[in-house]
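Asker: Just dropping this structure here.
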Amino acid sequence: MYHKYELEFPNSWQDILNVAETNLAGELEYRRGNYTLAFEQLREFIKYYNNMIYAEPWGWMQSQRHAYAALQLEQSNVEEAARTYEDLSYADSFPRVVRHPNNV
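Be aware that the sequence shown starts at 2, since it is given in our numbering, and climbs by one per residue.
Here it is, written out as structure tokens:
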């Protein structure tokens with residue numbers, strides 16, 4: 002039997018801390034000028050965030066894609082920044098359940 006809290010807030014603290022740690026690591030490495038490592042960390046940030054269970058309120062409020070795409074744009078990596086948001090659009094390579102065409 003589940004505790005009421007587990008049903009209302011299904012993500013573990015470890016899941017949330019993984020998101021926080023990779024977000025912070027990526028942002029810090031970027032500011033240090035270690036762009037390759039920074040983007041590796043931020044891709045991990047996206048992976049951890051995407052694997053969180055959807056809940057209200059969100060387990061992590063900051064958009065994981067926003068930081069990654071913004072920093073890619075800052076480095077003139079326009080195509081990579083655009084790919085970050087593909088599954089929020091009409092990309093047929095994603096299952097219908099994860100496409101959100103009205104978010105564009």
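For glycine and all other residues, C-beta sits at the position ideal for the given N, C-alpha and C.
#1: With a threshold of 6 Å on Cβ separation, who are the neighbours of Pro58 within its own chain once the five nearest residues in sequence on each side are excluded?
#2: For Tyr31, is the classification buried or exposed, using 16 other Cβ atoms within 10 angstroms of its Cβ as the cut-off for buried?
#3: Alpha carbon to alpha carbon, how far is Asn19 from Ala68?
#4: So the candidates are Tyr55, Glu22, Asn52, Asp16; which of them puts its Cα closest to the Cα of Glu41?
#5: What number of angstroms, rounded off, separates the C-alpha of Gly60 from the C-alpha of Ala26?
#6: In whole angstroms, give me the CA-to-CA distance for Asn35 and Glu28.
#7: Nearest by alpha-carbon distance to Phe46: which of Glu80, Gln65, Leu38, Ala56 is it?
#8: Is Asn52 buried or exposed, if buried means 16 or more other CB atoms sit within 10 Å of its CB?
#9: Using the C-alpha atoms, what's the distance from Asn12 back to Arg33?
Answerer: Short version:
#1: If you number the sequence shown from 1, residue 58 lands on position 57. Here Pro58 has no same chain residue with a Cβ atom under 6 Å from its own Cβ, once five neighbours each way along the sequence are excluded.
#2: Counted from its first residue, the sequence shown places residue 31 at position 30. Tyr31 comes out buried.
#3: For the purposes of this step, residue 19 is identified with residue 18 of the sequence shown, where counting begins at 1. For the purposes of this step, residue 68 is identified with residue 67 of the sequence shown, where counting begins at 1. Cα to Cα, Asn19 sits roughly 16 Å from Ala68.
#4: As a working mapping, residue 41 is identified with position 40 in the sequence shown. When the alpha-carbon of Glu41 is set against those of Tyr55, Glu22, Asn52, Asp16, the nearest one is in Glu22.
#5: Taking the sequence shown and counting its residues from 1, the one referred to as residue 60 is at position 59. Taking the sequence shown and counting its residues from 1, the one referred to as residue 26 is at position 25. Rounded to the nearest angstrom, the two C-alpha atoms are 19 Å apart.
#6: Counted from its first residue, the sequence shown places residue 35 at position 34. Counted from its first residue, the sequence shown places residue 28 at position 27. Using only the alpha carbons, I get a separation of about 10 Å.
#7: Counting from 1 along the sequence shown, the entry for residue 46 is found at position 45. Of the candidates Glu80, Gln65, Leu38, Ala56, the one whose C-alpha sits nearest the C-alpha of Phe46 is Gln65.
#8: For this step, residue 52 is matched to residue 51 along the sequence shown. With fewer than 16 other Cβ atoms within 10 Å, it is exposed.
#9: Numbered from its first residue, the sequence shown carries residue 33 at position 32. Numbered from its first residue, the sequence shown carries residue 12 at position 11. In a straight line, the C-alpha of Arg33 is about 31 Å away from that of Asn12.
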